[in-house]
Amino acid sequence: MLAAIEAGGTKFVCAVGGSYNDIWAQETIATRTPDETLAACARFFQDAQVRFGVITGLGIASFGPVDLGRSATHGTLLSTPKSGWAGTNLAHYFGHQVGVRVSLDTDVNAAVLAEAHIGAARGLDNAVYVTVGTGIGVGVLSQGKLLHGTLHPELGHMPVPRAHGDEKFQSQCPFHTDCLEGLAAGPAIAARASMPASILPADNMAWQTEAYYLGQLCRTLVLAYAPERIILGGGVMAQKSLIAKVRRETERLLGGYVPVITRAGGVERYITEPALGKISGLVGAFLLARQHKATGGR
Ligand code: ADP
Ligand code: ZN
342 MLAAIEAGGT KFVCAVGGSY NDIWAQETIA TRTPDETLAA CARFFQDAQV
392 RFGVITGLGI ASFGPVDLGR SATHGTLLST PKSGWAGTNL AHYFGHQVGV
442 RVSLDTDVNA AVLAEAHIGA ARGLDNAVYV TVGTGIGVGV LSQGKLLHGT
492 LHPELGHMPV PRAHGDEKFQ SQCPFHTDCL EGLAAGPAIA ARASMPASIL
542 PADNMAWQTE AYYLGQLCRT LVLAYAPERI ILGGGVMAQK SLIAKVRRET
592 ERLLGGYVPV ITRAGGVERY ITEPALGKIS GLVGAFLLAR QHKATGGR
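342 is the number of the first residue of the sequence shown in the working numbering; add one for each residue after it.
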């Protein structure tokens, strides 16, 4: 039996089963204090072991930022805006409480793993998953391996040149005056347009500005990782007309320089929506549980 957790700022989804497509029990636990939330998760897994037998591996798809280096602090949540959670080590906690080997990665890394396994990047070894929501997060699968470094890519905070006419807009990132997240995540769209992104009409010019910034991200992703596919997910991408604008901007900004898009069969295939929707985190967590050394593709 494998175990999986999708750990988020609003809820923890816990599941056990033979695999992501063979789930035997699942429970959603609200994210409150670390003590309350983690104890409730541990109880779920202990009950599951009584009902179904021994858990052989636990995968965690976690919100971040999280320490993913090889040191003793691996798995520690860092300066998360979710109060009380910084310094919590999910991997240690569940390793002790459930007595099982834990494989922890970021929610976006889990998502790219899941999409490369059974979703929009099925069979590919080089793919990127982007979430554009309250923040902007990027998960990279390169040659079948999830990229970490000592932390994990934080491309949400990459610098971007200002869009024409957007020079005076105040970045919503508390750290940077010129980063992608500060200029293009959901809260920035809302601040610029004086209304939530979710109700901003499709023909508002702010979507062109948004597409320009996301095009800058895709351009950088192409240049840095040469992925075979870029998947754009998260709440903001629910604006259905946005992805076509991002495709156009990406091609325009690349200026025909890099052949990866042509090789992939055109920009419509290259920059795509997720196939798995909200389940990609949990699917990815099961894949992490199964294969301690994460590999994508097959
Ligand atoms: P989080 O990043 O907190 O996990 P989401 O990925 O759901 O959450 O993203 C939330 C953001 O998505 C909010 O800024 C919200 O305004 C925006 N959003 C939600 N629905 C839509 C929509 N239909 N069109 C554009 N933006 C949306
Ligand atoms: Zn920033």
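Beta carbons: idealized from backbone N, C-alpha and C, even for Gly.
The model shown is predicted, which means the values in this text are computed figures rather than measured ones.
Which parts of the segment 525-607 are runs of the alpha helix (DSSP H), unbroken and 4 residues or longer, counting only runs that do not cross its ends?
-> If we require 4 residues or more, the alpha helix (DSSP H) runs fully inside the segment 525-607 come out as 527-534, 547-566, 583-595 and 601-604.
In chain order, which beta strand (DSSP E) runs of at least 3 residues are fully inside the segment 382-428?
-> As summarised for the segment 382-428, the continuous beta strand (DSSP E) elements at least 3 residues long and confined to that stretch are 398-403, given in chain order.
Check: L350 C-beta below 7 Å from any heavy atom of the ligand ZN = The sequence shown places Gly at residue 350, rather than the Leu named in the question. Remark: the shortest separation between the CB of G350 and any heavy atom of the ligand ZN does not fall under 7 Å.
Start-to-end residues for the beta strand (DSSP E) that takes in A616 = No beta strand (DSSP E) holds A616; DSSP gives it neither H nor E.
Which word fits Q557, buried or exposed, when buried means at least 16 other C-beta atoms lie within 10 angstroms of its C-beta?
-> Buried is the call here.
Runs of alpha helix (DSSP H) lying entirely within the segment 446-481, each at least 4 residues, in chain order | Listed in chain order, they are 448-459.
Buried or exposed: where does P615 fall if 16 or more other Cβ atoms within 10 Å of its Cβ makes it buried?
-> Around the beta-carbon of P615, 16 or more other beta-carbon atoms lie within 10 Å, marking it buried.
In three-state DSSP terms, what is D507?
-> Three-state DSSP puts D507 in coil, outside helix and strand.
For the segment 446-455 against the segment 402-410, are there 3 or more C-beta pairs whose distance is under 8 Å?
-> These segments touch.
Touch check for the segment 458-473 and the segment 364-376: three-plus C-beta pairs under 8 Å?
-> No, the segment 458-473 does not touch the segment 364-376.
Proximity below 8 Å, CB of G497 to CB of G576 | With respect to G576, G497 sits apart: the two C-beta atoms are not nearer than 8 Å.
What residue from G625, L564, A457 and A585 has the CA that sits closest to Q549's CA?
-> In terms of Cα proximity to Q549, the closest of G625, L564, A457 and A585 is A585.
Under 5 Å, CB to nearest heavy atom of the ligand ADP: contacting residues = Chain order is used for the residues whose beta-carbon lies nearer than 5 Å to a heavy atom of the ligand ADP, namely G474, T475, G527, P537, A538, S539, G575, G576, V577, A579 and Q580.
Hey, A532 and L541: beta-carbon distance below 8 Å or not?
-> The answer is no: Cβ separation not under 8 Å.
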